[in-house]
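Written out below as structure tokens is the structure these notes cover.
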Amino acid sequence: MVKAELIKRSPLRVFEQSIHGGLGRGNLGVLASPKGVGKTACLVHIAMDKLFQSKPVIHVSYSSRVDYIITWYEDIFKEIAKNRKLRAAVDVHDEIIKNRVIMNFKQEGTRTEQVLKSVEAMITFGKFAADSVIVDGYDFTRGSCGDLIKFKEFAGKLGLEVWFSASLREAEGPLYDAAGVPVVLAPLCEAIDVLITLHAAGGHVELKVVKDHDHPAAGLLPLKLDPKTLLII
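So for the sequence shown, my numbering puts the first residue at 7; every next one is plus one.
Written out as structure tokens, the structure is:
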């Protein structure tokens, strides 16, 4: 399969349609689930879809290590190339990897303004015309609505899509409120445009739209995450 056909037939097209054309520039989306369900795989698959379209991506990691993030990208690329029988996979890999930058920060002791200033410097002075910013490892229990609004304002200022992952901690009480919104994210919802929760169900992971811009949420999507391939299918 050639790259153009792969992009057209990607399950991410269904994902975009399910949230009225996608996240959109200037907007902020969150994928939420307990640890180990598949948030990072979904985030990286979304990022890989952008990269296949030659849209540069900045991956901001608040985790202590970034080598595992690189491994996620490599593993998911290999699965896409294998499952879709991608032609000239090595050449495509070398082409898209040029459009990805990984930046690492410690949330403790690092203000949101510092992170955004560094990302903006990469875009402007580094001449890296990012389309999207992926944020993983961010602890929402430490953050505030004000911090998230700063990310959203930043997205609007530079015309970016910003996707976060949110880990839900089961030991801290009920995970979701009556509307299905993760309790830890409920006070932050005004800054979130799209909210999707992931739920383990048998041998796969279901994706549920809880918030979809100003539209009624679609609920359970006709998509799932395959834990064997790490791909949305």
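Every residue gets a Cβ at the ideal spot worked out from N, C-alpha and C, and that includes glycine. The model shown is predicted, which means the values in this text are computed figures rather than measured ones.
- Taking the alpha helix (DSSP H) that Ile129 falls in, what are its first and last residues? Thr118 to Thr130
- Between the C-alpha atoms of Ala185 and Gly143, what's the straight-line distance to the nearest angstrom? 25 angstroms
- Message: If contacts are defined as beta-carbon pairs under 8 angstroms, then Cys151 and Leu201 qualify, I think. What distance do you get, rounded to the angstrom?
- Response: Rounded, the Cβ-Cβ distance is 14 angstroms, inconsistent with contact.
- Query: Going along the chain, which unbroken runs of the beta strand (DSSP E) with 3 or more residues stay wholly within the segment 61-86?
  - Reply: 63-67
- Query: Does the distance from the C-beta atom of Val43 to that of Leu204 stay below 8 angstroms?
  - Reply: yes
- Message: Taking CB distances under 8 angstroms as the criterion, tell me whether Ala192 reaches chain C.
- Response: In the structure shown, chain C does not exist; there is a single protein chain.
- Task: Can you tell me the Cβ-Cβ gap for Val187 and Val211, rounded? I've got them flagged as a contact below 8 angstroms.
- Result: The pair is not a contact, with the Cβ atoms about 19 angstroms apart (cut-off 8 angstroms).
- Task: In the DSSP assignment, find the beta strand (DSSP E) that holds Ala135 and state where it starts and stops.
- Result: No beta strand (DSSP E) contains Ala135, which DSSP labels as neither H nor E.
- Using DSSP bridges, identify the partner residues of Met109. Val66
- Query: For the beta strand (DSSP E) that Asp232 lies in, which residues bound it at each end?
  - Reply: Gly225 to Asp232
- Message: Give me the DSSP bridge partner(s) of Asp100.
- Response: Per DSSP, none; premise fails for Asp100.
- Message: Quick check on this structure: which residue in Tyr68, Asp183 and Phe83 has the alpha carbon closest to the alpha carbon of Thr116?
- Response: Tyr68
- Helix, strand or coil for Gly162 per DSSP? helix
- Where do the N-terminal and C-terminal ends of the alpha helix (DSSP H) with Val20 fall, by residue? Leu18 to Ser24
- Query: Apart from the five residues just before and just after Asn110, which ones in its own chain have a Cβ nearer than 6 angstroms to its Cβ?
  - Reply: Ser67 and Val72
- Item | Test item: CB-CB of Ile13 and Phe58 under 8 angstroms | yes
- Item | Boundaries of the alpha helix (DSSP H) in which Leu174 is found, first to last residue | Looking at the DSSP string, Leu174 is not in any alpha helix (DSSP H); the run it does join, the beta strand (DSSP E), is Glu167 to Leu174.
- Apply the 10 Å Cβ neighbour rule to Gly165 and answer buried if 16 or more other Cβ atoms are within range, or exposed otherwise. exposed
- Test item: CB-CB of Val190 and Phe146 under 8 angstroms: yes
- C-alpha gap between Arg90 and Asp220, whole angstroms: 35 angstroms
- Item | Closest by C-alpha distance to Lys163, when choosing among Lys9, Arg31 and Pro17 | Arg31
- Query: Would DSSP call Gly152 helix, strand or coil?
  - Reply: helix
- Task: Kindly indicate which three-state DSSP category Asp55 falls into: helix, strand or coil?
- Result: helix
- Message: Just to confirm the assignment, what range does the alpha helix (DSSP H) spanning Glu11 have?
- Response: Lys9 to Arg15
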